[in-house]
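In the working numbering, the protein residues as written are 1 to 595.
All C-beta atoms in this analysis are idealised placements derived from N, C-alpha and C, irrespective of residue type, glycine included.
In this text, all values refer to a predicted model and were calculated from it rather than measured experimentally.
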Ligand code: OXD
Ligand code: MN
């Protein structure tokens with residue numbers, strides 16, 4: 001008798017009407033075969049899905065060009081389909097599940113005619129982990145199929161774990177006709193189901209990632225008592241060999257991948273990488289918070305990645321052996337057939353083909369690589385991969401870091417007074433837009449806990465859920481606010497960032513261990529500079545002090561903006577968060593009076 005997975009696949013095939021059905025086993029031989037299909041047979045936008053790159057310098061690497069209208073996540077076409085709108089909250093686009101299904105069935109009907117339907121059984125998390133989830137995605141695109149093998153743990157383990165149960169996360173994806181008018185990413189949290197049509201872009205099409213491991217998983221976490229977060233996970237080894245584990249939430253374009261693979265500028269300290277994008281956080285039997293990375297690969301932004309900014313990522317990319325590496329919408333050196341992007345080490349090649357496949361003329365001012373061009377690479381290639389990566393229980397988290405890109409107001413680092421205060425710090429985080437992302441530079445987009453595009457339910461309830469998790473923890477991690485991006489009066493970054501960020505992590509470790517002192521401020525606990533390692537750093541003391549400056553007179557507009565932002569969650573907003581808000585406002589008022 002057919003099991004639940006077979007029955008579900010049969011139903012989807014009846015709807016989408018593919019020529020062939022192929023069940024992926026996740027093997028290396030299979031990936032090679034599918035890449036060959038993508039090179040020789042399958043076409044996207046009239047061109048082959050993959051091109052082989054220079055194997056000598058970039059082993060096992062392939063270039064993929066997506067449709068030019070399909071290069072990023074499409075938040076306006078992403079819907080959360082709870083039966084009632086309030087459950088989705090003001091932070092989500094909502095559609096009634098019935099209406100969404102009717103719309104999508106019309107699109108999916110017969111969409112795989114002439115194509116192969118690939119069945120991808122995969123695990124999010126290590127198959128032996130009690131926190132992992134078994135999933136099945138269907139797709140009609142080889143790029144998506146092989147990318148999922150890099151980004152997840154694909155194969156028989158997932159089918160074994162599902163067995164005859166109905167308990168698996170379902171994802172139906174078709175590249176469709178890539179018409180943006182017919183592109184939708186629909187989430188049905190009540191059914192653990194995602195339907196994605198009309199896009200081949202990673203964040204829309206690799207359904208294990210944002211769609212499942214964040215949006216659907218955040219709803220599962222609310223129901224089951226855990227947290228699905230947009231966080232990197234890392235271990236920091238001190239000179240004595242002790243490792244402290246941290247998780248950090250930063251919105252897109254704030255350097256999460258660089259931080260997760262950072263090469264320490266302080267001798268004796270070493271970063272061990274566990275993940276660069278998503279963390280699932282569970283309360284362990286000992287009352288500590290444990291993190292697993294549900295993913296198995298990195299889907300990182302290529303431009304700006306170099307031996308200077310992220311040497312360990314360049315090593316990871318050049319270390320492709322068992323798993324291939326994909327470059328999506330990067331440029332190409334026409335002479336050497338190597339991938340290229342703005343910010344890569346060395347000189348600009350003489351003959352560059354841009355991300356759309358045309359000869360690049362730098363004098364026209366366009367970028368050769370798309371600003372959101374990406375690499376997809378296995379975590380197992382990473383030279384700084386933590387030996388705990390496959391530990392089914394995850395790693396115990398001692399500190400949670402919450403940050404964004406703020407040119408003013410927010411100190412380089414500060415510690416929250418309590419878990420509740422830390423959650424409040426998370427509610428007010430945000431990032432200023434960069435030149436690459438928008439024409440209007442410096443516009444603040446609030447992005448609580450970096451989860452705004454990814455929380456699958458009302459964020460007021462999400463803040464409440466964070467507060468409840470805190471109550472369940474016997475040994476809660478300390479929460480810190482971080483901001484690498486404060487600028488001086490000339491608009492220049494004050495803090496050097498990258499490998500020097502270890503100094504901030506060192507202070508955090510010292511705080512966790514009770515070794516460093518801190519000073520009270522209206523905003524939180526600030527470092528006492530005598531306990532903050534500035535040895536060998538070429539930044540004047542006055543500039544460092546600017547990084548920690550709290551000027552109450554600058555906070556009036558910010559306080560109003562926070563209040564306005566939090567008010568939108570109405571009755572769903574926990575009173576405890578308002579208490580923290582009022583306490584901040586009062587403290588700032590008093591310190592303004594005492595100045
Ligand atoms: C990502 C994102 O791609 O956050 O990770 O946008
Ligand atoms: Mn992300």
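Taking its Cβ as the centre, do 16 or more other Cβ atoms sit within 10 Å of residue 105, making it buried, or is it exposed? Counting from one through the chain shown, the residue named residue 105 turns up at place 105. Exposed: under 16 other Cβ atoms inside 10 Å.
What does the alpha-carbon distance come out to for the pair residue 404 and residue 116? By one-based count along the chain shown, residue 404 stands at place 404. By one-based count along the chain shown, residue 116 stands at place 116. If you take the alpha carbons of residue 404 and residue 116, they lie about 42 Å apart.
Among 453, 50, 433, which residue has its Cα nearest to the Cα of residue 254? Here residue 254 corresponds to residue number 254 of the chain shown, with the count starting at 1. Closest by alpha carbon: 433.
Can the beta-carbon of residue 481 be found closer than 9 Å to that of residue 425? Position 481 of the chain shown, counting from 1, holds the residue named residue 481. Position 425 of the chain shown, counting from 1, holds the residue named residue 425. Yes, the pair counts as a contact, with Cβ atoms nearer than the cut-off.
Environment of residue 438 [buried if 16+ CB atoms lie within 10 Å]: Residue 438 sits at position 438 when you count from the first residue of the chain shown. Only weak support exists for where residue 438 lies, its pLDDT of 44 falling under 50; the value from the coordinates is given anyway. Under the 10 Å beta carbon count, residue 438 is surrounded by fewer than 16 other beta carbons and is classified as exposed.
Tell me, please, whether the region 382 to 398 touches the region 272 to 279 by the rule of three or more beta-carbon pairs shorter than 8 Å. yes
Could you please go through the chain and list the residues whose beta-carbon is closer than 6 Å to any non-hydrogen atom of the ligand MN? 230, 252, 277
State the Cα-Cα distance for the pair residue 316 and residue 146, rounded to the nearest angstrom. One-based indexing of the chain shown puts residue 316 at position 316. One-based indexing of the chain shown puts residue 146 at position 146. Distance between the alpha carbons of residue 316 and residue 146: 18 Å.
Is it true that the CB of residue 198 sits closer than 9 Å to the CB of residue 179? Taking the chain shown and counting its residues from 1, one reaches residue 179 at position 179. Taking the chain shown and counting its residues from 1, one reaches residue 198 at position 198. Going by C-beta atoms, residue 179 is nearer than 9 Å to residue 198.
Quick one: grab the DSSP three-state call for residue 496. Counting from one through the chain shown, the residue named residue 496 turns up at place 496. Coil.
Contact defined as beta carbons within less than 8 Å: I believe residue 343 pairs with residue 303. What is the distance between those atoms, to the nearest angstrom? If you number the chain shown from 1, residue 343 lands on position 343. If you number the chain shown from 1, residue 303 lands on position 303. Yes, residue 343 and residue 303 are in contact; Cβ-Cβ is about 5 Å, under 8 Å.
Considering only heavy atoms of the ligand OXD, does any lie closer than 8 Å to the CB of residue 492? For the purposes of this step, residue 492 is taken as the residue at position 492 of the chain shown. Not under cutoff, so the answer is no.
Thinking C-alpha only, which one of 393, 380, 590 is nearest residue 286? Taking the chain shown and counting its residues from 1, one reaches residue 286 at position 286. Of all alpha-carbon atoms in 393, 380, 590, the one lying nearest the alpha-carbon of residue 286 is that of 393.
Rounding to the nearest angstrom, what Cα-Cα distance links residue 95 and residue 83 in this structure? Taking the first residue of the chain shown as 1, we reach residue 95 at position 95. Taking the first residue of the chain shown as 1, we reach residue 83 at position 83. Taking the straight line from one Cα to the other gives about 8 Å.
Cα separation between residue 594 and residue 520? Taking the chain shown and counting its residues from 1, one reaches residue 594 at position 594. Taking the chain shown and counting its residues from 1, one reaches residue 520 at position 520. Using only the alpha carbons, I get a separation of about 15 Å.
Rounded C-alpha distance that separates residue 259 from residue 109: Mapped onto the chain shown, residue 259 falls at position 259. Mapped onto the chain shown, residue 109 falls at position 109. Looking at the two C-alpha atoms, the distance is approximately 44 Å.
Got a sec: does the ligand OXD put a non-hydrogen atom nearer than 8 Å to the Cβ of residue 445? Taking the chain shown and counting its residues from 1, the one referred to as residue 445 is at position 445. Residue 445: no, Cβ never under 8 Å from the ligand OXD.
State the DSSP-derived secondary structure class of residue 350, mapped to helix, strand or coil. Here residue 350 corresponds to residue number 350 of the chain shown, with the count starting at 1. Coil.
For residue 13, which residues from the same chain have a beta carbon less than 7 Å from its beta carbon, with the 5 sequence-adjacent residues on both sides left out? Counted from its first residue, the chain shown places residue 13 at position 13. Cβ neighbours of residue 13 beyond the five flanking positions: 21, 117.
DSSP state of residue 121 mapped onto helix, strand, coil: For the purposes of this step, residue 121 is identified with residue 121 of the chain shown, where counting begins at 1. In the structure shown, residue 121 falls within a strand segment according to DSSP collapsed to helix, strand and coil.
With a threshold of 16 other CB atoms inside 10 Å of the CB of residue 503, please say whether the residue is buried or exposed. Within the chain shown, residue 503 is the residue found at index 503, counting from 1. Under this definition residue 503 is a buried residue.
Have a look at residue 361 and residue 328 and give me their C-alpha separation to the nearest angstrom. Position 361 of the chain shown, counting from 1, holds the residue named residue 361. Position 328 of the chain shown, counting from 1, holds the residue named residue 328. Between residue 361 and residue 328, the C-alpha separation is close to 20 Å.
What are the start and end residues of each continuous alpha helix (DSSP H) run of 4 or more residues lying completely inside the region 388 to 461, in chain order? 419 to 427
Could you tell me which uninterrupted beta strand (DSSP E) segments, each at least 3 residues in length, are contained entirely in the region 48 to 73, listed from first to last along the chain? Unbroken beta strand (DSSP E) stretches of 3 residues or longer found wholly inside the region 48 to 73: 61 to 64, given in chain order.
State the CB to CB distance for the pair residue 208 and residue 111, rounded to an integer number of angstroms; the pair is presumed to be in contact (CB under 8 Å). The residue labelled residue 208 in the question sits at position 208 within the chain shown. The residue labelled residue 111 in the question sits at position 111 within the chain shown. The Cβ separation is near 21 Å, so there is no contact.
Starting from residue 333 and walking both ways along the beta strand (DSSP E), at which residues does that stretch end? Mapped onto the chain shown, residue 333 falls at position 333. 331 to 333 is the extent of the beta strand (DSSP E) around residue 333.
Comparing C-alpha positions only, which one of 563, 23, 181, 169 sits nearest to residue 187? As a working mapping, residue 187 is identified with position 187 in the chain shown. Check the Cα spacing between residue 187 and each of 563, 23, 181, 169: the tightest is with 169.
For residue 448, which residues in the same chain have their Cβ closer than 7 Å to its Cβ, ignoring the five residues on either side in sequence? If you number the chain shown from 1, residue 448 lands on position 448. For residue 448, where only same-chain residues beyond five positions count, the Cβ hits under 7 Å are 426, 427, 429, 459.
Go to residue 316, then tell me how far its alpha helix (DSSP H) extends in each direction, as first and last residue. Position 316 of the chain shown, counted from the start, is the residue given in the question as residue 316. Per DSSP, residue 316 belongs to the alpha helix (DSSP H) from 311 to 317.
With respect to 8 Å, is the separation between the Cβ of residue 387 and the closest non-hydrogen atom of the ligand OXD below this value? On the chain shown, residue 387 is found 387 positions in, with the first residue counted as 1. Residue 387 Cβ: outside cutoff for every heavy atom of the ligand OXD.
Please give the ranges of any alpha helix (DSSP H) in the region 208 to 258, keeping only runs that are unbroken, at least 4 residues long and fully inside the region. The qualifying runs are 217 to 224.
For residue 472 and residue 33, what's the separation of their Cα atoms in angstroms? Indexing the chain shown from 1 puts residue 472 at position 472. Indexing the chain shown from 1 puts residue 33 at position 33. For residue 472 and residue 33, the distance between alpha carbons rounds to 48 Å.
Please determine, among 224, 319, 320, 368, the residue with the shortest C-alpha to C-alpha distance to residue 331. Here the question's residue 331 lines up with position 331 in the chain shown. Nearest of 224, 319, 320, 368 to residue 331, Cα basis: 368.
In terms of residue numbering, what span does the beta strand (DSSP E) encompassing residue 289 cover? The count along the chain shown starts at 1 and reaches residue 289 at position 289. Taken as a continuous stretch (DSSP letters only), the beta strand (DSSP E) holding residue 289 covers 289 to 292.
Given 8 Å as the limit, tell me if residue 326 has its C-beta closer than that to any heavy atom belonging to the ligand COA. Judged by which ligands are present, the ligand COA is missing from the structure shown, whose ligands are the ligand OXD and the ligand MN.
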